[in-house]
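Quick note on numbering: the sequence shown equals residues 178 to 324 in the working numbering. Ideal Cβ placement from N, Cα and C applies to all residues, glycine included.
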Amino acid sequence: SKVYDPPNLPIASQVVAHVTRGRIERFDGPDEDAEAVRAHYERVARLFGIEPMFVDSWHQGLHPGTDTSPMPEEDLCLWGETLFTSPQYLHFHTCGEYPPGEICWMVESPTVELDGRNLYENGRIQVEAFEVFRSCLDQHPELRALF
178 SKVYDPPNLP IASQVVAHVT RGRIERFDGP DEDAEAVRAH YERVARLFGI EPMFVDSWHQ
238 GLHPGTDTSP MPEEDLCLWG ETLFTSPQYL HFHTCGEYPP GEICWMVESP TVELDGRNLY
298 ENGRIQVEAF EVFRSCLDQH PELRALF
């Protein structure tokens, strides 16, 4: 990612992005917030000469021991950088046809289904649902307390 100012866009209400095959089709929400999001994408894309309405990839944070005490209203940049590793948050990498893109969406406490089983449920990885996790925890039982 590149550096730009301001580095984030606080919004007052929920804005929903409609994505098809990796392309953001539109943003829905209160007019003021949806327009602010669209304008932010266009501004960042102009700064770097990139495609704005692109979703490159997504992933969940992987470290269940992440400190979740930073509050976004106190320091949004610190919150975003700290919580990025927490499985409580799912991240979408957008704005630019390369990883990680220039704009990241943070989705709190998601449920992610994989092959009919919840890999994450309300932001918690379901280690007992997948054999590969169980065998890892059997080898390293000190990690169980994190889950």
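With 16 other Cβ atoms within 10 Å as the buried cut-off, status of residue i
i: residue 254; result: exposed
i: residue 265; result: buried
Nonlocal neighbours in the same chain, by C-beta distance under 6 Å from residue i, ignoring five residues either side
i: residue 321; result: 314
i: residue 243; result: 262, 263
i: residue 282; result: 269
Sequence-distant residues of the same chain with beta carbon closer than 7 Å to residue i, five excluded per side
i: residue 186; result: 213, 214, 217
i: residue 299; result: 286, 288
Closest residue to residue i among the options (Cα-Cα distance)
i: residue 280; options: 191, 233, 266, 291; result: 233
i: residue 188; options: 206, 287, 307, 277; result: 206
i: residue 225; options: 181, 245, 249; result: 181
i: residue 285; options: 268, 292, 296; result: 268
i: residue 301; options: 316, 251, 219, 237; result: 237
CB-CB length for residue i against residue j, believed under 8 Å
i: residue 178; j: residue 241; result: Actually they do not touch by this definition, with Cβ atoms about 25 Å apart.
i: residue 196; j: residue 204; result: Not confirmed; about 10 Å, so no contact.
Query raised in the report: Does the segment 213-229 come close enough to the segment 254-265 to have 3 or more Cβ pairs within less than 8 Å?
Result: The answer is no - the segment 254-265 does not touch the segment 213-229, with fewer than three Cβ pairs under 8 Å.
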